[in-house]
Amino acid sequence: MRQTQKIMLAFSEATTSELNEILEHRFFKEKKSPKSKSKMSLSKQQSTATMSTIKQDNFGTKNIYEIIKQMRLERNAPVDIVGPQKCFDKDKDIETQRFQILTSLMLSPQTKDEITSKCANRLLDYTINDIANMDESELVKLIYEVNFNVTKAKRIKELAQLVIYKGMPKTFEETIKIKGVGEKIALLYIQVAFQRVEGIPIDVNMIRICNRIPIFKEKSPTKLRKFLESEFEHEEWGDINETLVGFGQQICLPKPKCEQCKLKDICEYYKLKNTSD
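Here it is, written out as structure tokens:
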């Protein structure tokens, strides 16, 4: 009983580095056997996850976000300049603008913003009726640089045909029912087309960043969205996607530029990378 009390006290007062030492303490070592080895492996995994959570909680999600905002002051990432939510003609009627916004967003999955912008801007020369009546093979030629261009051409033509009969969707619930539209696209569309922020759109860049530091270790976009929405006030939601996506495009890339990052001293990914090197 005394040993248990000592261990609990040690955990409650230990720093992250001290936790590593505690986990190596003889109290946690079991007799060597196939079964105990398996249990020990699971114990270590759970302890690592716990330490990651402790580190994030101590530093704070909002503190991390504020540092990222400092690194994003220039707002010159691709998402800031040619992001898909910016590809529409402001001189057109509002229904056409909304169609162009949603079309551009539907082109964007698995495609760099520069390519999406190039293809979306080509489509600005065509009306909703033009696209609804266009042969799919011709539409594919206009957007050939984007990934999954055949499927996207089909979905965009279906959208144009739907809009002619029903008009553009006006709610998140209506938008997400459209083929080729997921949670991220629906939230961005409602935010840009109607100036209503109904949630934080989650991008692959955001998932990478949040898992590396870590802010929140979760690959599910919906779970990450709910976590971030619980951490920030509603009035802050609208800027989070663009801020984090731009950070992921410029610094926290798939091959990150850690030397330029102000978070490297607390970043788990950076420490693991340098330890392995």
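Quick note: to get my numbering, add 5 to the position in the sequence shown (first position is 1). From the three backbone atoms N, C-alpha and C, an ideal C-beta is built for every residue, glycine too. The model shown is predicted, which means the values in this text are computed figures rather than measured ones.
Point to revise | As assigned by DSSP and simplified to three states, the class of residue 226 | key: For this step, residue 226 is matched to residue 221 along the sequence shown. Here residue 226 sits in helix by DSSP.
Point to revise | CA nearest to the CA of residue 136, picked from 163, 252, 149, 120 | key: One-based indexing of the sequence shown puts residue 136 at position 131. Answer by Cα proximity: 163.
Check your understanding: CA-CA distance, residue 270 and residue 276?
Key -> On the sequence shown, position 265 is the one that residue 270 refers to. On the sequence shown, position 271 is the one that residue 276 refers to. Whole-angstrom Cα-Cα distance: 8 angstroms.
Check your understanding: For residue 258, which three-state DSSP category applies?
Key -> The residue labelled residue 258 in the question sits at position 253 within the sequence shown. Here residue 258 sits in coil by DSSP.
Exercise for review: Please specify which runs of the alpha helix (DSSP H), each continuous and at least 4 residues long, are wholly inside the region 131-159, giving them in chain order.
Suggested key: 133-138, 141-147
Review point. Got a sec, what are the start and stop residues for the alpha helix (DSSP H) residue 125 sits in?
Key: To locate residue 125, count along the sequence shown from 1; it is residue 120. That run of the alpha helix (DSSP H) goes 118-128.
Review point. Looking at the unbroken alpha helix (DSSP H) that takes in residue 200, where does it start and where does it end?
Key: Translated into the one-based positions of the sequence shown, residue 200 becomes position 195. Counting along the chain, residue 200 falls outside any alpha helix (DSSP H), and DSSP gives it neither H nor E.
Check your understanding: Among the residues of its own chain, which have a CB less than 7 angstroms from the CB of residue 177, if the five just before and after it don't count?
Key -> Here residue 177 corresponds to residue number 172 of the sequence shown, with the count starting at 1. So the list reads 191, 192, 195, 203, once near-sequence residues are dropped.
**Study point:** N- and C-terminal bounds of the alpha helix (DSSP H) containing residue 85
**Key:** Here residue 85 refers to the residue found at position 80 of the sequence shown. Residues 83-87.
Exercise for review: Determine, using beta-carbon pairs with one atom in the region 206-215 and one in the region 249-258, whether at least three such pairs fall under 8 angstroms.
Suggested key: yes
Practice item. Jot down the residue ranges of each uninterrupted alpha helix (DSSP H) in the region 154-192, minimum 4 residues, whole runs only, in chain order. Key: 154-171, 177-181
Point to revise | Run of the alpha helix (DSSP H) containing residue 107, from where it starts to where it stops | key: Position 102 of the sequence shown, counted from the first residue, corresponds to residue 107. Where residue 107 is concerned, the enclosing alpha helix (DSSP H) stretches over 99-112.
**Study point:** Reference residue 220, options 266, 273, 93, 264, closest by Cα
**Key:** Reading the sequence shown from its first residue, position 215 is the one you call residue 220. Checked all of 266, 273, 93, 264; the closest Cα to residue 220 is 273.
Review point. Taking contact to mean at least 3 C-beta pairs separated by less than 8 angstroms, is the region 84-93 in contact with the region 104-115?
Key: yes
Review point. How is the alpha helix (DSSP H) around residue 217 delimited, first residue to last?
Key: The sequence position of residue 217 within the sequence shown is 212, counting from 1. Here the alpha helix (DSSP H) through residue 217 covers 209-217.
Check your understanding: Taking the C-alpha atoms as reference points, what is the distance between residue 266 and residue 260?
Key -> Residue numbering aside, residue 266 sits at position 261 when the sequence shown is read from its first letter. Residue numbering aside, residue 260 sits at position 255 when the sequence shown is read from its first letter. Each residue's Cα considered, the two are about 13 angstroms apart.
Review point. When the distance is taken between beta carbons, is residue 189 closer than 8 angstroms to residue 206?
Key: On the sequence shown, position 201 is the one that residue 206 refers to. On the sequence shown, position 184 is the one that residue 189 refers to. Yes, they are a contact pair.
Check your understanding: Which same chain residues, not among the five before or five after residue 115, have their C-beta less than 7 angstroms away from its C-beta?
Key -> To locate residue 115, count along the sequence shown from 1; it is residue 110. 152, 153.
Check your understanding: By DSSP, does residue 64 sit in helix, in strand, or in coil?
Key -> Numbered from its first residue, the sequence shown carries residue 64 at position 59. It is helical.
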